[in-house]
Structure formats: C-alpha cells, structure tokens
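Chain order of the listed sequences is A and B.
For the first sequence, the working numbering gives the first residue as 14, with consecutive numbering after it.
For the second sequence, the working numbering gives the first residue as 14, with consecutive numbering after it.
Glycine residues also receive a C-beta, built at the ideal position from the N, C-alpha and C atoms.
Protein chains: 2
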Amino acid sequence: MNSPKTPTTPQKRTGGRSARVRDAVVAAAVDELTHKGIDQFSISSVARAADVHETSIYRRWGSRQGLVAEALHAAHATATPIPDTGSLIADLQQVLISVRDLMQSPMGRAFTMLAVSMQPGQEFYETLKGMWRHRLAALESIFAKAVERGEWDGAIAARPRIDALFGAVNWRVSMTKDDATDAYIAEMVALYCRDGLLIPAAAPAQAKVARRRAA
Amino acid sequence: MNSPKTPTTPQKRTGGRSARVRDAVVAAAVDELTHKGIDQFSISSVARAADVHETSIYRRWGSRQGLVAEALHAAHATATPIPDTGSLIADLQQVLISVRDLMQSPMGRAFTMLAVSMQPGQEFYETLKGMWRHRLAALESIFAKAVERGEWDGAIAARPRIDALFGAVNWRVSMTKDDATDAYIAEMVALYCRDGLLIPAAAPAQAKVARRRAA
Numbered sequence: 014m015n016s017p018k019t020p021t022t023p024q025k026r027t028g029g030r031s032a033r034v035r036d037a038v039v040a041a042a043v044d045e046l047t048h049k050g051i052d053q054f055s056i057s058s059v060a061r062a063a064d065v066h067e068t069s070i071y072r073r074w075g076s077r078q079g080l081v082a083e084a085l086h087a088a089h090a091t092a093t094p095i096p097d098t099g100s101l102i103a104d105l106q107q108v109l110i111s112v113r114d115l116m117q118s119p120m121g122r123a124f125t126m127l128a129v130s131m132q133p134g135q136e137f138y139e140t141l142k143g144m145w146r147h148r149l150a151a152l153e154s155i156f157a158k159a160v161e162r163g164e165w166d167g168a169i170a171a172r173p174r175i176d177a178l179f180g181a182v183n184w185r186v187s188m189t190k191d192d193a194t195d196a197y198i199a200e201m202v203a204l205y206c207r208d209g210l211l212i213p214a215a216a217p218a219q220a221k222v223a224r225r226r227a228a
Numbered sequence: 014m015n016s017p018k019t020p021t022t023p024q025k026r027t028g029g030r031s032a033r034v035r036d037a038v039v040a041a042a043v044d045e046l047t048h049k050g051i052d053q054f055s056i057s058s059v060a061r062a063a064d065v066h067e068t069s070i071y072r073r074w075g076s077r078q079g080l081v082a083e084a085l086h087a088a089h090a091t092a093t094p095i096p097d098t099g100s101l102i103a104d105l106q107q108v109l110i111s112v113r114d115l116m117q118s119p120m121g122r123a124f125t126m127l128a129v130s131m132q133p134g135q136e137f138y139e140t141l142k143g144m145w146r147h148r149l150a151a152l153e154s155i156f157a158k159a160v161e162r163g164e165w166d167g168a169i170a171a172r173p174r175i176d177a178l179f180g181a182v183n184w185r186v187s188m189t190k191d192d193a194t195d196a197y198i199a200e201m202v203a204l205y206c207r208d209g210l211l212i213p214a215a216a217p218a219q220a221k222v223a224r225r226r227a228a
C-alpha cells in the first residue's frame with residue numbers, strides 16, 4: 014500500500030521518489046551484503062550503487078546498523094513471505110520451501126555467514142537478534158491463526174516446532190548438504206505437528222506449493 | 014590404541030614419532046582452518062606451524078583435501094564424541110550439549126562458515142559430505158544401540174529425529190542467537206523422542222551431564 018509522498022517522515026515507506034530512493038538503497042545494501050559480507054559493508058559503496066548521496070542514507074537510516082537491519086528485514090520479507098493459506102500444514106510447507114530456496118541462494122548463504130560470524134557485543138549483534146525476534150513472531154503467528162481456526166491446540170507451544178522444522182531444513186542445506194526436498198519438508202511438517210492438530214490436515218496443498226515455486 | 018611404528022604404512026595412526034607428527038600436523042591444520050578459513054588454508058603454513066616438511070604432509074595426506082578431511086574428522090571426534098551411557102535420552106543430551114559448545118567456539122564457527130560457503134563442484138564439497146556421512150552414521154548408531162537394548166522402536170527412523178534435534182540447536186546458536194541451554198536440550202530430546210521410546214526414559218542423567226560440562 015503506497016501512501017502519498019510524505020517527505021517530512023522519510024523513515025516510512027512512501028510512494029513516489031522517496032519510495033524509489035528507499036528501494037534502490039535497500040536493494041544496493043542487500044547486494045553489498047551478498048557479495049562483500051558484513052565486514053566490508055560500506056555506506057559509500059551502497060550510495061554509489063544506488064546513485065544517491067551518502068548524506069541521504071545517513072539522514073534516513075542513521076547508521077550502518079539501521080541500513081543493515083532494514084536490508085535484512087526487507088530481503089527476508091520478500092524472499093520468505095509469511096503465507097496465509099488457511100491451513101497450518103500448507104502454511105508451514107510453503108514458508109519452509111521458500112526458506113530452503115533462500116538458503117541455497119548466494120544471498121541466503123551470505124546472510125547465514127553474517128549470522129554465524131556474529132557474537133555478543135559486536136556491532137550488528139543486536140540488529141540481527143532484533144530481526145530474528147521479528148521473524149520468529151511472524152512464524153509464531155502462523156500457529157496463532159491456526160489456533161483461532163480451531164486447527165491447532167493452543168496449549169502446545171509453537172516455538173519447539175519452529176525450531177525443529179526450520180532447524181532441520183537449515184541444517185541439511187547449510188551443514189550436511191543433504192537434500193531438503195518438498196517431500197522431505199512435507200514429511201517433517203506432518204511428523205512434528207501431528208500431535209497438536211485438532212482438525213486433521215487437509216490435502217497438503219501440494220498443487221498450490223508447486224504453482225508457487227513455478228511462478 | 015597405539016600400534017608399534019609402521020613407517021611403511023604412514024596413513025595409519027601409529028605410535029611413536031609418526032603419531033606425534035600426525036597429531037602436530039592435524040592440530041596445526043585445525044588451527045589454520047579456525048583462524049584463516051578454508052580459502053586461505055595453506056599446506057606450507059601448516060607445515061611451518063607443525064615444524065615438519067611440506068613433502069611429509071603431501072606424502073601422508075596426498076592433498077589439501079586429504080588433510081582438511083582428517084582435520085575435520087579429528088576435531089569433531091574430539092569435541093563431540095559419541096556417548097554410550099546406556100540411555101538414548103542421556104546419549105542425545107550429552108552429544109547435543111557438546112555440539113552446542115563446539116558451535117559456540119571459534120573453531121565451531123569456522124567449521125560452520127566453511128560448510129555454509131561450500132557448494133557442489135567446489136574443491137572440498139565431497140570431503141565435507143563424506144565427513145557428514147560418517148558423523149550421521151555415528152549419530153544413528155546411538156539409536157541403533159537403543160534398539161538393541163529394547164529402548165527405541167526400531168521401526169521409527171532415526172534421521173528425522175537427528176535432523177530436528179541437531180538442526181534446532183544449530184539454528185538457535187548460529188542464526189537466531191537464542192540460548193540452547195541444557196534444559197532446552199533436555200526438553201527437545203524428550204519431546205521429539207517420546208513417541209519412539211519403548212522403555213520410559215530413566216532419570217535424565219542430568220548429574221552426569223553436569224559433571225561432564227564442569228570437567
């Protein structure tokens with residue numbers, strides 16, 4: 014949803030020139046993170062690539078942290094959107110497939126390297142934790158919606174399921190280099206969610222997932 | 014078990030000088046991987062650090078791949094030994110705690126970066142996959158022993174449990190930066206193994222685990 018130009022509140026996503034500048038800078042920042050990593054991440058290089066003045070970047074984002082945070086958020090939100098298919102099982106399958114695809118891409122590998130190298134006290138540590146708090150809340154909302162639909166037992170915590178499923182896919186792709194096929198993902202979701210399902214899973218929406226991937 | 018010197022079969026682990034040279038070279042190789050990463054991994058630098066001739070390294074290990082493979086194997090085997098406590102639950106808790114501790118160390122982070130950066134066709138890709146095949150077989154042996162004891166339902170595959178548990182710990186430590194405490198690990202093991210346990214888990218061997226960590 015684009016709102017009209019609001020040049021006095023440049024942090025908001027706005028339409029028109031302000032939005033184009035933001036999008037160009039965020040895209041350049043994602044590109045910089047992907048190809049150079051966090052240690053070489055440079056505002057001046059991002060400014061050159063996006064064809065804006067460095068001062069505009071500092072005015073809008075305040076610091077390297079602010080820009081890296083928005084770039085990570087934006088890249089995750091675009092690459093791994095939170096689905097809302099009306100079925101817990103289909104939602105989880107769909108988001109896990111997008112996570113697997115992201116992790117197998119140069120951008121996903123760069124984000125993983127960035128996360129792995131990060132330690133408490135370092136420049137971007139709190140930025141990264143903040144991004145994950147936001148992402149995990151979004152993933153937990155998949156379960157919350159299923160509780161509202163009477164599909165998932167609200168007494169069962171979502172987080173251990175999220176850890177097991179996203180952890181398994183992440184571990185196979187990043188570490189052991191075993192396939193995490195769509196079928197593997199479907200099996201894991203069924204296995205680790207069956208004990209909390211109040212309504213048996215509908216048809217696993219394979220067709221929908223397949224169409225999404227082909228798109 | 015040290016065997017007598019067998020200089021004609023230098024690939025074997027042998028006692029005496031040959032073993033000392035091997036240990037020094039492997040330790041230097043692990044150190045090189047930890048501090049410089051795989052791209053800068055240099056046999057000549059390892060040779061200098063271990064105070065041996067480069068030619069001795071090539072004679073024994075053949076190539077960078079051979080030495081990196083042995084260094085990764087040796088480091089994992091030392092840092093995360095496969096337990097055999099007589100209880101599936103206690104074995105899993107113990108090895109997961111050691112994996113968490115490894116992953117939080119500079120060496121563990123270096124190994125993770127190495128794995129994440131690796132792609133099919135690259136120099137060390139098959140080496141890495143081979144190491145993981147070996148590790149996964151060792152982890153599956155924990156379940157196989159439990160089947161022999163009548164503790165675990167042999168009809169239930171071990172691999173999805175391993176993926177969920179090791180994936181969850183790996184993901185929290187590497188990515189989300191949430192704690193993977195001993196209590197968290199105990200909860201996850203109980204949650205994701207309860208449906209295959211034929212004999213209810215004994216006391217979760219917390220004291221043993223705690224002693225191990227303090228040692």
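Q. Within the 7 Å Cβ cut-off, does W165 of chain B reach chain A?
A. Answer no: the Cβ-Cβ gap between W165 of chain B and chain A never drops below 7 Å.
(Q) Less than 7 Å between the C-beta atoms of V129 of chain A and R122 of chain B, yes or no? (A) Contact flag set, yes.
Q: State the Cα-Cα distance for the pair G163 of chain A and I212 of chain A, rounded to the nearest angstrom.
A: C-alpha separation (whole angstroms): 7 Å.
Q: Could you name the residues of the region 166-196 of chain A whose beta carbon sits closer than 7 Å to any beta carbon of chain B, in the order they occur along the chain?
A: Listed in sequence order: P173, D176, A177, F179, G180, A181, N183, W184, R185, S187, M188, T189, K190.
Q | Entirely enclosed beta strand (DSSP E) segments - the region 33-98 of chain B, minimum 3 residues | A | The qualifying runs do not exist here; there are none.
Q.
Give me the chain A residues within the contact set of K142 of chain B, using Cβ-Cβ distance strictly less than 7 Å, ordered along the chain.
A. Correct list: K190.
Q) Would DSSP call L141 of chain A helix, strand or coil? A) In the structure shown, L141 of chain A sits in a helix (DSSP, three-state: H, G or I).
Q: Output the distance between the C-alpha atoms of G134 of chain B and M144 of chain B, rounded to the nearest integer angstrom.
A: In this model, G134 of chain B and M144 of chain B are separated by some 16 Å (Cα to Cα).
Q: Starting from the beta carbon of A128 of chain A, find every residue of chain B whose beta carbon is closer than 9 Å, and list them in chain order.
A: Under the 9 Å cutoff, chain B gives S187, M188, T189, K190.
**Q.** Members of the region 114-126 of chain B near chain A, C-beta cut-off 8 Å
**A.** If the cut-off is 8 Å between Cβ atoms, the region 114-126 of chain B has R122, T125, M126 near chain A.
Q: Return helix, strand or coil for L178 of chain A, following the three-state DSSP convention.
A: Annotated three-state conformation of L178 of chain A is helix, per DSSP.
(Q) Am I right that I51 of chain A and F137 of chain A are in contact with their C-beta atoms under 8 Å? What's the rounded C-beta distance? (A) Cβ-Cβ separation between I51 of chain A and F137 of chain A: approximately 6 Å, consistent with a contact (criterion under 8 Å).
Q) Of all the CB atoms in chain B, is at least one closer than 7 Å to the CB of W145 of chain A? A) Chain B contact via Cβ: present.
Q: Pick out whichever of B:P94, B:V38, B:T98, B:E45 has its Cα sitting closest to the Cα of Y71 of chain B.
A: Y71 of chain B has its Cα closest to that of B:V38, out of B:P94, B:V38, B:T98, B:E45.
(Q) Per the DSSP calculation, W184 of chain A is bridged to which residue(s)? (A) BP columns for W184 of chain A are empty, so no partner.
Q.
Considering Cα atoms alone, identify which of A:S58, A:H48, A:Q53, A:V65 is closest to R33 of chain A.
A. Comparing alpha-carbon positions, the option among A:S58, A:H48, A:Q53, A:V65 lying closest to R33 of chain A turns out to be A:V65.
Q. Do you know how far the Cα of Q78 of chain A is from the Cα of L178 of chain B?
A. L178 of chain B and Q78 of chain A: Cα-Cα distance of roughly 32 Å.
Q: Mind reading off the beta-carbon distance from V43 of chain B to A84 of chain B? Whole number of angstroms is fine, and I expect it under 8 Å.
A: Taking C-beta atoms under 8 Å as the contact rule, V43 of chain B and A84 of chain B qualify, at a distance of about 5 Å.
Q: Please confirm whether W184 of chain B and N183 of chain A have their CB atoms less than 7 Å apart.
A: Taking the C-beta atoms as reference points, N183 of chain A is found nearer than 7 Å to W184 of chain B.
(Q) Counting only Cβ pairs nearer than 7 Å, list the residues of chain A close to L204 of chain B. (A) Chain A residues near L204 of chain B: P173.
Q: Look at M201 of chain A and A181 of chain A and say whether their C-beta atoms are less than 7 Å apart.
A: Contact: yes.
Q. Any idea what DSSP makes of L211 of chain B, helix, strand or coil?
A. Coil, per DSSP.
Q: Could you list which residues in chain B have their beta carbon closer than 9 Å to that of L149 of chain A, in chain order?
A: Against L149 of chain A, the close residues of chain B are T189, D191, in the order they occur along the chain (beta-carbon pairs closer than 9 Å).
Q: Name the residue from B:S154, B:T93, B:Q53 whose alpha carbon lies nearest to the alpha carbon of G99 of chain B.
A: Among B:S154, B:T93, B:Q53, the Cα nearest to that of G99 of chain B is on B:S154.
Q | Assigned exposure category for Q132 of chain A - 16 Cβ within 10 Å defines buried | A | With fewer than 16 Cβ atoms within 10 Å of its Cβ, Q132 of chain A is classed as exposed.
Q. What residue does the alpha helix (DSSP H) around A103 of chain B start on, and which one ends it?
A. It spans 101-116 - the alpha helix (DSSP H) in which A103 of chain B sits, taken as one unbroken run.
Q) Quick one, which of A:I175, A:A41, A:A92 has its alpha-carbon nearest R60 of chain A's? A) This sequence places Ala at residue 60 of chain A; Arg is not what is there. Ranking the options by Cα distance to A60 of chain A, first place goes to A:A41.
Q. Given P119 of chain A, which residues of its chain have a CB within under 7 Å of its CB, disregarding the five upstream and five downstream residues?
A. The beta carbon of P119 of chain A lies closer than 7 Å to those of T47 in the same chain, with the five residues before and after it left out.
Q | C-alpha distance - T93 of chain B paired with R174 of chain A, whole-angstrom precision | A | Cα-Cα distance, rounded: 25 Å.
Q: Rounded to whole angstroms, what's the CA-CA distance from K158 of chain A to K49 of chain B? Just pull it up for me.
A: Straight-line Cα distance between these residues: approximately 46 Å.
Q.
Can you tell me whether Q53 of chain B is buried or exposed? The criterion is at least 16 other CB atoms within 10 Å of its CB, across all chains shown.
A. The Cβ neighbour count for Q53 of chain B, taken over all protein chains shown within 10 Å, is under 16; the residue is labelled exposed.
**Q.** Cα-Cα separation between P23 of chain A and D104 of chain A, rounded to whole angstroms
**A.** Note that P23 of chain A scores 43 on pLDDT, short of 50, meaning its location in the model is unreliable and no value can be drawn from it.
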